[in-house]
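This is the structure we're talking about:
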C-alpha cells in the first residue's frame, strides 16, 4: 500500500514536472519570442536607403536589452535583394520566408549552439523599385531554458513534497473509512451459519445503503428458509399422522390374520411405516432445529441435568434390547443454550448409539467440563463408521455404508451438527479405539 | 623614462596603423613584440595589446609563485589580436585586449572558453559578460589640457557644454590646436565617438566646433599626449587617461568631464583553442587578485578594477560590456557613422 502510494507520488511528481516544464517552456518561449521579434523589428527600421546605397544604424541598446534577458549571445544578418549586406552572412535562413506582416520564428543550430531566430521581411525602395529586405536576429536561449528548468524543478520538488505529505493522511483516511466495513464484515463473519438476524451494527451514513441492502437480503433469505422449513414441518406432520393410523391398522390386521404369508407382508408394511414415521419425525426435528437456531431463544440451563434426564428416558428402550447405558455425570454444567435444541441433538446421538449397538452392548455417556466447554461424550461398541469421514455423515440424508438393515433417514447427524453450530458449540464423530463410535458434543460453559 | 614610456605607448596604440603599413608576416597575424619569462616546463601563451613593460611586474610576481611556468608574452594590435583568435585560431591560453567590441565578438561568436566559477563569482556585473569575458582594468577616457591651454583666469571646463563654450569663445587661441581621435583610423576612437553620440546631444555640436577649429585627428592617444606635452597642441579630447603621465609632470592636466566620463574596460578571455586553458585562467586569476591588481596599478600605472570608483565618481560610465558592442563592429553602421562624423567635422 505504502509502496504503491510512493510510486504514485513519484509518478505524479514526474507528471507535474513535465507539465510545468512544458507550460513554462511555452510561456517563456512566447515571451522571449515577443522580445526577439520586437528587437528584429527595430533592427529592420534602422535599415534605410541613402545616396550611397543601403545604410544600417544598428541600435546597440536593442542588442544590450536582448542579451540582458539571460546574457544571451546575439547574431544578426541583413539581406537586401537576397544577398547579405551586413552581419553574420552564414546565419541560417528560414525554410519559408516570413510574410510582410508578422515575424517568423525558428530554431537552428549556428556555430555549435542552438539559437532562436526571428525573421522579418520588409520591402525598401532602391533605385525606384521595391526590393525585399530580410532581417534575421538570433539569440541563444540559455536564460529561457534555465527559467523553464527552474520552474519545472520547483514544481517537481513541491509536488513530491505534497504527495509525500499526503500519503500518511490518505492511509489514515482510507483506514478510518474502511474500518466500519471491516467491523461489519467481522460481525457478519462471527455469526453462526443459521444466524439470520438483521444487522444492527452502527455504521457511518455512507455505509447505510449497504447495510440496508444486506439486511433486506438477509430478510428475503430468512423468508425463503422459513417457508421451506414450515413446509417441511407441515409435510412431516401430515405424513406422520396417516402413517400412525396405517401402522395401527396393520398391527390390528397382523393380530387377526393367521395366514403366514399375509403376516409376513404385514410385518414388512409395519416396518416400512416405522421407517417413514421416523424419517418424518427427524424431518420435523430438523425443521425445529433450523427454526429455533434462527430464533436464538437461549436461556441458562444445566447440561448435566438434561443429560441425566435424557439417559433415564432412553434406558427402558435400550434395556428391551439388552443394551445397558452407563451414565457418568458430575456436578452441574451451566451453559447458555436452547434446551429444545440441545435435547434434539443429544437424543439423536444417543439414539444412534443405541440403534447401532449389538444386543448386550454397552453405551457410555459422559458429561464433563473440559477447557471452558461443557462436553458430552457418547461411546458405543457398535458397528462403527466403516471408514466414512464424519464430514460426509453430517450432510443431509447421507448414511453410512453399513446401515442398510437399520431404519434411518440420514438426518440425525445433520441435526446434531446444526444445533451445535447454532449455539456456538461443536460436534465431532469418529471411530472409537477397539471398535465402535465416539461422538463428542460441546457447548461453551457459562 | 618618460620617453621610453611614450615610445611603448605609441607602439601599443598605433598598432592598427603600424600594421596597415607592415607587410604580412610569416605568422599570419602581425606581432609587435614578444618575450619569454621563466624557464619552467608549464608553458602559458599570452596574447595582449598591453605592452610588455606594463605587465612585467605582474608577470615577475606570478613567476616567483609559480617557478614551473614559462610565460610566453606576445604583444599585437587589437585588430591583430582579434584576427589571431577569430580567424587563425592561434592557440593562446589568455587574450587581453583593450578593444572591448572585438573581445565581445570573440566571446559572442563562441570562440571563448568558460572561465572558472571561482574566478567570475567575485566580479561585478558591469565588469564581466557571462563567464566568458572579464575586465582586468578600468581606464577613464579624459580631456587632456596642455600647460597653456586655458586663457589666464579661465577655469577648466567641467562638462562638454563648458568645453564647447570655451572653444567658441576663443577660436583664435584653439584654431589648429585641438587634438582628438580619428574614428576612421582608430578602433578605440570610433568606440569612444560612437558611445559619445549615444550618450550626449552635445557630442555632434562639439564635433562641429572642433571641425571649425581645424582639429587635428590622431590615430592614438600617445600621439596626442606627446604633442600636447610638447606644446604643439593645447587640448586633447577623448584621450585614454591611463597613458597620460599624470598631473603636474609637464603641466598637463587630466580632466574627467562631469556630465559623463567614459570608462574603457580592458578585458581578458581564454580562447576555445587554448592549449593550457587552466594555466591561462590561473594567471588571469592572479591578475584579478588583490595583489595582481595592486601590481597592475602601481607597477604599470594602469588603473585597477575598482567598483567603488563608480560610487565615488558618479560621472564615470563604464562602457557596457554586452553584445550592444557588436553594433560597433557592423561595417555599414560604421560607414554611416563616419559619414556623419565627417559631415560634422569638415564643413564646406
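Chains as they are written, first to last, in our numbering: chain A, 3 to 448; chain B, 4 to 351. Yeah, the Cβ is synthetic: ideal placement off N, Cα and C, and Gly gets one too.
Residues near residue 24 (chain B) in its chain [Cβ-Cβ closer than 7 Å; skip 5 each side] | Annotation note: pLDDT 35 at residue 24 (chain B) (below 50); position unreliable, coordinate value reported separately. Same-chain partners within the cutoff: there are none.
Alpha carbon of residue 100 (chain B) to alpha carbon of residue 137 (chain B), nearest angstrom | 11 Å
Residue interval of the alpha helix (DSSP H) (run including residue 219 (chain B)) | Here residue 219 (chain B) belongs to no alpha helix (DSSP H); instead the beta strand (DSSP E) covers 219–221.
Opening and closing residue of the beta strand (DSSP E) in which residue 229 (chain A) lies | It is not in any beta strand (DSSP E) - residue 229 (chain A) instead sits in the alpha helix (DSSP H) that spans 210–258.
Using the beta-carbon count (16 or more within 10 Å), is residue 215 (chain A) buried or exposed?
-> exposed
Report the rounded CA-to-CA distance for residue 252 (chain A) versus residue 421 (chain A), giving the unit in angstroms.
-> 36 Å
Which whole-angstrom value is the C-beta distance of residue 82 (chain A) and residue 140 (chain A), which I expect to be below 8 Å?
-> Rounded, the Cβ-Cβ distance is 18 Å, inconsistent with contact.
DSSP on residue 349 (chain B), reduced to helix/strand/coil?
-> coil
Taking all protein chains shown into account, decide if residue 222 (chain B) is buried (16 or more other Cβ within 10 angstroms of its Cβ) or exposed.
-> buried
Relative to chain B, which residues along the stretch 158–171 of chain A have a C-beta separation below 8 Å, given in chain order?
-> none
To the nearest angstrom, report how far apart residue 95 (chain A) and residue 138 (chain A) are at their CA atoms.
-> 8 Å
For residue 426 (chain A), which residues of its own chain have a beta-carbon under 6 Å away from its beta-carbon, when the five flanking residues on both sides are left out?
-> 446
Along the chain, where does the beta strand (DSSP E) that runs through residue 244 (chain B) open and close?
-> Taken as a continuous stretch (DSSP letters only), residue 244 (chain B) belongs to no beta strand (DSSP E), as it is neither H nor E.
Which ranges would you report for the alpha helix (DSSP H) in the stretch 256–324 of chain A if only whole runs of at least 4 residues count?
-> 262–297, 305–322
From this set, A:227, A:264, A:370, A:180, which residue's C-alpha is nearest residue 199 (chain A)'s C-alpha?
-> A:227
At which residue ranges does the stretch 68–120 of chain A contain complete beta strand (DSSP E) runs of 3 or more residues, listed in the order of the chain?
-> 76–82, 85–89, 106–112
Distance, residue 180 (chain A) Cα to residue 208 (chain A) Cα = 11 Å
Please classify residue 193 (chain B): is it buried, with 16 or more other beta-carbons within 10 angstroms of its beta-carbon, or exposed?
-> buried
Best match in A:360, A:176, A:293 for proximity to residue 4 (chain A) [C-alpha to C-alpha] = A:176
What's the gap between the Cα of residue 429 (chain A) and the Cα of residue 386 (chain A)?
-> 17 Å
Residue 231 (chain A) vs residue 174 (chain A) beta-carbon contact at 7 Å | no
Please compile the residues from chain B whose C-beta is within a distance smaller than 7 Å of the C-beta of residue 60 (chain A).
-> 330, 333, 336
Under a three-way DSSP split, which group does residue 432 (chain A) fall into?
-> strand
What residue from A:23, A:107, A:105, A:142 has the CA that sits closest to residue 70 (chain A)'s CA?
-> A:142
Return helix, strand or coil for residue 330 (chain A), following the three-state DSSP convention.
-> strand
Is there contact here, the stretch 283–290 of chain B with the stretch 330–350 of chain B, by at least three beta-carbon pairs under 8 Å?
-> no
So, using beta-carbon positions, are residue 148 (chain B) and residue 256 (chain B) closer together than 7 Å?
-> yes
When the distance is taken between beta carbons, is residue 80 (chain B) closer than 7 Å to residue 105 (chain B)?
-> no
Residues of the stretch 106–127 of chain A whose Cβ lies closer than 7 Å to any Cβ of chain B, in chain order | 113, 114, 115
9 Å Cβ cut-off: residues of chain B touching residue 87 (chain A) = 335
CB-CB under 7 Å to residue 149 (chain A), same chain, minus the five flanking residues each way: which ones, in chain order?
-> 26, 30
Using the rule of at least 16 other Cβ atoms within 10 Å of the residue's Cβ for burial, across every protein chain shown, is residue 229 (chain A) buried or exposed?
-> exposed
Decide if the stretch 100–118 of chain A is in contact with the stretch 54–66 of chain A; the criterion is three or more beta carbon pairs, one per stretch, under 8 Å apart.
-> no
For residue 322 (chain A), count neighbouring C-beta atoms within 10 Å of its own C-beta (all shown protein chains included) and say buried if the count is 16 or more, exposed if not.
-> exposed
Backbone secondary structure at residue 24 (chain B) - three-state DSSP | At residue 24 (chain B), the pLDDT of 35 sits below 50, so the modelled position is not reliable; the number obtained from the coordinates is stated separately. Helix.
Endpoints, alpha helix (DSSP H) assigned at residue 322 (chain B) = Note, residue 322 (chain B): premise wrong, no alpha helix (DSSP H); not H, not E.
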